[in-house]
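Engineer:
Number of protein chains: 2
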Amino acid sequence: MSISSRFSVAIHILCLLAINKDKATNTSEHLAGSVNTNPVVIRKVMSMLKGAGLVNVRAGVPGSELAKGLSEITLLDVYKAVNVVAENDLFNSHEHPNPDCIVGRNIQQSLNKQFSTAQKAMEHSLEIVTLAEVVQDILDSDNV
Amino acid sequence: MSISSRFSVAIHILCLLAINKDKATNTSEHLAGSVNTNPVVIRKVMSMLKGAGLVNVRAGVPGSELAKGLSEITLLDVYKAVNVVAENDLFNSHEHPNPDCIVGRNIQQSLNKQFSTAQKAMEHSLEIVTLAEVVQDILDSDNV
DNA sequence: TTACATGTAACTATAATAGTTACAATATGA
DNA sequence: TCATATTGTAACTATTATAGTTACATGTAA
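Protein chains in written order, with my numbering: chain A, -7 to 136; chain B, -7 to 136.
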């Protein structure tokens, strides 16, 4: 199991928009060239980012741009925008354990506690990083 | 995307073995009755738990038992035993971004850092909880 | 040696991902 | 206004993983 690459594609796109300010050139075709995928994949991700208020893009108008400052967008914002993991659903529990068994009738709530805590720990790690840091890291890496 | 319920099934099994010390009655048939699944599913999970040294079970001999003390088994041990998430593979990155683009040629290492940190945060959360706590929680819940 | 459990291969149904084709809807410049 | 180019989306495919199931070989012990 792995979290969908929609997330990494979304981060890639947003970094590109941050670095290339020339809005009109940021078409799905062009972005697809950098990500190395199909333009329709880009447009689908773009549609989700637009829904979350992270990018500006309009039907018929070529190109796109960030709708917020780089340092105002955390990795958690992007993660939620592209809907790769549902609320409290990183871990999948088996359903309908036997209620006639002490373990069966109590384990779900115990697991939910632990799983929820673990998921939150992961999400918190994404929350404390902004795209500004990721872009800076990319620029730094390229200048070595 | 969700992490396989093999993990929750494995925890369920281990809790049962902790509560029912009568080894011979812990057959895959019986465990399947509490988890509410097929005995073969139990045997597959059991095979992985055995491989990780968490349970004792032998071909031809009915039943099973814990191979370690409850407080010596963390949720991370179980998670690794059933192999639900590969090393550094919780997040799936898009492959082959364009090396002719500054973002394309640098984003993978930036993402790997962030994704690895997030995965470790989640796994650490599992590491600090032992099965002893989960079993105690189950017993407490049942006595309300 | 019989009975019964474990171990495992092979198959099914289901669901999600990533990519693709096709086309409608939209906006803009000539 | 119309031609053109792009976005938005539906519909389809191939691939992969999960969870469950059947079938049967293997192993143990009474």
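The C-beta atom is built at its ideal place from N, Cα and C for all residues, glycine as well.
Which partner residues does residue 50 of chain B have in the DSSP bridge list?
Structural biologist: Answer is B:53, bridged to residue 50 of chain B.
Engineer: Would you identify the three-state DSSP class for residue 122 of chain B, choosing helix, strand or coil?
Structural biologist: strand
Engineer: From this set, A:4, A:47, A:46 and A:88, which residue's C-alpha is nearest residue 29 of chain B's C-alpha?
Structural biologist: A:88
Engineer: Using a C-beta to C-beta distance shorter than 7 Å, which residues of chain B count as neighbours of residue 110 of chain A?
Structural biologist: Those are 114, 117 and 118, listed as they occur along chain B.
Engineer: Please state the DSSP three-state secondary structure of residue 58 of chain A.
Structural biologist: DSSP places residue 58 of chain A in strand when its eight states are reduced to three.
Engineer: When the Cα of residue 135 of chain A is compared with those of B:109, B:95 and B:134, which residue comes out closest?
Structural biologist: B:95
Engineer: Over the uninterrupted alpha helix (DSSP H) stretch that includes residue 4 of chain A, give me the two end residues.
Structural biologist: -2 to 11
Engineer: Output the distance between the C-alpha atoms of residue 126 of chain A and residue 34 of chain A, rounded to the nearest integer angstrom.
Structural biologist: 20 Å
Engineer: With 16 as the cutoff for other CB atoms within 10 Å, does residue 80 of chain B come out buried or exposed?
Structural biologist: exposed
Engineer: Can you pull the chain A residues whose beta carbon is under 9 Å from the beta carbon of residue 18 of chain B, in chain order?
Structural biologist: Residues of chain A passing the Cβ test: none, with the nearest at roughly 12 Å.
Engineer: Could you tell me the boundaries of the alpha helix (DSSP H) in which residue 142 of chain A lies?
Structural biologist: Since the first and last residues shown for chain A are -7 and 136, residue 142 of chain A lies out of range.
Engineer: Just to make sure I have the definition right: I need the residues of chain B whose C-beta is within less than 8 Å of the C-beta of residue 25 of chain A. Which are they?
Structural biologist: 90 and 93
Engineer: At the level of alpha carbons, what is the spacing between residue 21 of chain A and residue 31 of chain A?
Structural biologist: Each residue's Cα considered, the two are about 5 Å apart.
Engineer: Just the C-alpha distance for residue 44 of chain B and residue 73 of chain B, rounded to the nearest angstrom, thanks.
Structural biologist: 5 Å
Engineer: So what does residue -5 of chain B bridge to, in DSSP terms?
Structural biologist: A:83
Engineer: Can you list, in chain order, the residues of its chain whose CB lies under 6 Å from that of residue 67 of chain B, leaving out five sequence neighbours each side?
Structural biologist: 118 and 121
Engineer: Thinking residue 9 of chain A and residue 58 of chain A are a contact (beta carbons under 8 Å), I'd like their distance in whole angstroms, please.
Structural biologist: 5 Å
Engineer: Can you name the start and end residues of the alpha helix (DSSP H) that residue 22 of chain A belongs to?
Structural biologist: 20 to 27
Engineer: Check each residue of the stretch 45 to 66 of chain B: if its Cβ is closer than 7 Å to any Cβ of chain A, include it; give the result in chain order.
Structural biologist: none
Engineer: Just confirm the distance between the C-beta atoms of residue 55 of chain A and residue 90 of chain A, as a whole number of angstroms; I'd bet it's less than 8 Å.
Structural biologist: The Cβ separation is near 57 Å, so there is no contact.
Engineer: Excluding the 5 residues preceding and the 5 following residue 100 of chain B in the sequence, name in chain order all residues of the same chain whose CB lies nearer than 8 Å to its CB.
Structural biologist: 85 and 89
Engineer: Taking Cβ-Cβ distances below 8 Å as the criterion, which residues of the stretch -7 to 12 of chain A are in contact with chain B?
Structural biologist: -7, -6, -5, -4, -3, -1, 0, 1, 3, 4, 7, 8 and 11
Engineer: Could you check the C-alpha separation between residue 76 of chain A and residue 52 of chain B for me, to the nearest Å?
Structural biologist: 44 Å
Engineer: Using CA atoms only, rank isn't needed, just tell me which of B:97, B:82 and B:111 is closest to residue -4 of chain A.
Structural biologist: Relative to the Cα of residue -4 of chain A, the nearest Cα in the group B:97, B:82 and B:111 belongs to B:82.
Engineer: Determine the burial state of residue 106 of chain B: buried for a count of at least 16 other Cβ atoms within 10 Å of its Cβ, exposed for fewer.
Structural biologist: buried
Engineer: Distance check for residue 70 of chain A and residue 131 of chain A, CA to CA, integer angstroms please.
Structural biologist: 20 Å
Engineer: Starting from the beta carbon of residue 41 of chain A, find every residue of chain B whose beta carbon is closer than 8 Å, and list them in chain order.
Structural biologist: Here the premise fails: no neighbours, minimum Cβ distance about 15 Å.
Engineer: Alpha carbons only, please: which of B:27, B:40, B:112 and B:47 is nearest the one belonging to residue 15 of chain B?
Structural biologist: B:47
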